[in-house]
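Peer 1: Got a structure for you, written out below as C-alpha cells; questions coming shortly.
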Ligand SMILES: Cc1cc2nc3c(=O)[nH]c(=O)nc-3n(C[C@H](O)[C@H](O)[C@H](O)COP(=O)(O)OP(=O)(O)OC[C@H]3O[C@@H](n4cnc5c(N)ncnc54)[C@H](O)[C@@H]3O)c2cc1C
Ligand code: SF4
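Numbering (my numbering), first residue to last: 1 to 316.
So, in C-alpha cells, the structure goes:
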C-alpha cells in the first residue's frame, strides 16, 4: 500500500483547510476507506488522510435537544446500537445499527462513514483497478453484461446498477433525518448521489458533522429489517425501514438500487389504514410496483415485497 500523509485535525477549521484543494480525504473509522486504499481499487488516490475523530469539540456524541436526536458524525455504530433512548424512541435506527457487519466493524465504523461509504459492486472493488468502469470515470458497466445477481431492481442511475449498501441509510430516511455538514443541511433522502467514486451529494472537502433525527410523532413506531445471506459480516441483499402511526407513513428500502429507495407507493397504500396482514401485504406489493429487475435480480423483488410487509407488521 502506498504511504499517505496523515493529519490528526484538531478543529473542524483545520480539517477543512487540510481538505481544501481536493487532494486529501477524510478518514473516520477507516473501515471502508482503508480497504479501498489497500486494494488500489480507484484510479486516483488522495495524497493525504485527514482524521476527523480528533477534532474538538468532538463529533462523537449522542444527545436529545429540543425534540431532536443529535448524533455526531464520528459516533460509532456500536454506541448507536447500545443507546437505550435510541432503541426506545428511534427503534429503526437502533435495529439498523445492530445489524451492520460485526462487533469489530461497529466498534470502529462511524455513522458519517456509513452513509458516505462506497458501494460493493465486485467489478468496482476488484483489487488493482482491474475494471475501469463508469463509476471510476471509464465508459463501461461490467456488471450490466457480467455477474449482477446482487445489483439493482430499480434500474441504473448515471449508467451504474450497483446498489447502495448502507443499513443506516433507510432507517435515517424513514425517520425523516437530516444530514448536517460544514456547508448546509441535507434531508437524508437527498443525501445520496451516484457520481464518480462517490455515493453522496457532498462537495469536495465538505464534512458531515451531525445527523439530526426529529422525535417521531406521538404514537409513531418504527422498525428495520434486513435480509442477508449470512447472519453476520454481510451486506444487505435488501433491507427496509418503516415509520408508521401518528403521521404520514415513511418506508425506505436499500440495496435495491444505486440510491436508497423511498417507497412512496407503499406509503400511499398503507396511509390511514390499520397495519394488519392484508394491508401490509398490499403495501409490500406497491413497494415493488415500479421494479425493473434484471434476469438475475428477480428474486430480490419478492424479498423487498416481503421485507416491507414484515417491517410494517413488526411495528404492531
Ligand atoms: C467486513 C465489513 C462488513 C460490512 N458490513 C456492513 C453492513 O452489513 N451494513 C452496512 O451498512 N455497512 C457495512 N459495512 C460498511 C461499514 O459500515 C462502513 O465501512 C463504516 O460504517 C464506515 O465508517 P468509517 O467511520 O469506518 O468510515 P471510513 O472508512 O473512515 O470512511 C468511509 C468514507 O466516508 C468518508 N467519510 C467518513 N466520515 C465522513 C464525514 N464525517 N464527512 C464526510 N465524509 C466522511 C470517508 O472519506 C470515506 O470516503 C461493512 C464493512 C466491512 C469492512
Ligand atoms: S454497476 Fe456501477 S460500479 Fe459496478 S461495474 Fe457497473 S458502473 Fe461500475
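We put the CB at the ideal spot given by N, CA and C, even for glycine. Because the structure is a prediction, the values reported are computed rather than measured.
1) Can you tell which of 293, 11 and 315 has its C-alpha closest to the C-alpha of residue 150?
2) Spatial neighbours of residue 235 within its chain, please: C-beta separation below 6 Å, excluding the five flanking residues on both sides.
3) Excluding the 5 residues flanking residue 97 on each side, which residues of the same chain have their C-beta closer than 6 Å to its C-beta?
4) When the Cβ atoms of the region 51 to 62 are set against those of the region 10 to 28, are three or more pairs found closer than 8 Å?
5) Is DSSP giving residue 52 helix, strand or coil here?
6) Taking residue 224 and residue 92 to be in contact with their CB atoms under 8 Å, please state how far apart those CB atoms are, rounded to whole angstroms.
7) Going by DSSP, what residues sit across from residue 212 in a beta bridge?
8) Could you give the residue range of the beta strand (DSSP E) that holds residue 267?
9) Write down every uninterrupted run of the beta strand (DSSP E) in the region 161 to 205 whose length is 3 residues or greater and which is fully enclosed by it, in chain order.
10) Under 8 Å Cβ to Cβ from residue 220, same chain only, skipping five residues before and after it: list those, please.
11) Check the DSSP bridge columns for residue 104 and list the partner residues they point to.
12) Going straight from the alpha carbon of residue 277 to that of residue 112, what length do you get?
13) Would you please state the rounded distance, in angstroms, between the beta carbons of residue 162 and residue 124? I believe it to be under 8 Å.
14) Taking the alpha-carbon of residue 213 as reference, which of 262, 170 and 290 has the nearest alpha-carbon?
15) Could you spell out where the beta strand (DSSP E) holding residue 222 opens and where it closes?
16) Got a sec: does ligand 2 put a non-hydrogen atom nearer than 7 Å to the Cβ of residue 229?
17) In the DSSP output, what is residue 144 paired with across the bridge?
18) Taking only three categories from DSSP, how would you classify residue 63?
19) Under the assumption that residue 198 contacts residue 315 (Cβ atoms under 8 Å), give the Cβ distance between them as a whole number of angstroms.
20) Along the chain, where does the alpha helix (DSSP H) that runs through residue 307 open and close?
21) In the DSSP assignment, what are the bridge partners of residue 261?
22) Among 24, 239, 154 and 19, which residue has its Cα nearest to the Cα of residue 309?
23) Helix, strand or coil, according to DSSP, for residue 8 in the structure here?
24) I'd like the span of the beta strand (DSSP E) that includes residue 239, first residue to last.
25) Taking 5 Å as the limit, tell me which residues put their C-beta closer than that to any heavy atom of ligand 2, in chain order.
26) Within the continuous alpha helix (DSSP H) that includes residue 134, where are the two ends?
27) Provide the residue(s) that pair with residue 153 in DSSP beta bridges, ordered along the chain.
28) Am I right that residue 207 and residue 304 are in contact with their C-beta atoms under 8 Å? What's the rounded C-beta distance?
29) If you follow the alpha helix (DSSP H) that residue 80 is part of, which residue opens it and which one closes it?
30) Could you check where the beta strand (DSSP E) with residue 25 kicks off and where it finishes?
31) Report yes if the C-beta distance between residue 173 and residue 269 is below 8 Å; otherwise report no.
32) Could you pull out every residue in the same chain whose Cβ sits closer than 8 Å to the Cβ of residue 129, ignoring the five residues on either side in sequence?
33) Pull up the CB-CB distance for residue 233 and residue 110, whole angstroms please, since I reckon it's below 8 Å.
Peer 2: On the basis of the supplied data:
1) 293
2) 120 and 165
3) Within the same chain, residue 97 has close Cβ partners 77, 80 and 81.
4) yes
5) coil
6) 4 Å
7) 70 and 178
8) Per DSSP, residue 267 belongs to no beta strand (DSSP E); it is in the alpha helix (DSSP H), 264 to 270.
9) 178 to 181, 185 to 187, 192 to 195 and 198 to 200
10) 243, 244, 245, 246 and 247
11) According to DSSP, which records beta bridges pairwise, residue 104 is partnered with nothing at all.
12) 36 Å
13) With 8 Å as the limit, residue 162 and residue 124 qualify as a contact, their Cβ atoms being about 6 Å apart.
14) 170
15) First-last of the beta strand (DSSP E) with residue 222: 221 to 227.
16) no
17) Residue 144 is not bridged to any residue.
18) strand
19) That belief does not hold up - the Cβ atoms of residue 198 and residue 315 are roughly 34 Å apart, past 8 Å.
20) Per DSSP, residue 307 belongs to the alpha helix (DSSP H) from 298 to 313.
21) Answer is 253, bridged to residue 261.
22) 239
23) Assigned with DSSP and collapsed to three states, residue 8 falls in strand.
24) 238 to 244
25) 121, 123, 124, 133, 134, 135, 141, 142, 143, 160, 161 and 162
26) No alpha helix (DSSP H) holds residue 134; DSSP gives it neither H nor E.
27) Residue 153 is not bridged to any residue.
28) Incorrect: roughly 33 Å between the Cβ atoms, too far for contact.
29) 77 to 82
30) It spans 24 to 27 - the beta strand (DSSP E) in which residue 25 sits, taken as one unbroken run.
31) no
32) 40, 41, 42, 43 and 136
33) Rounded, the Cβ-Cβ distance is 18 Å, inconsistent with contact.
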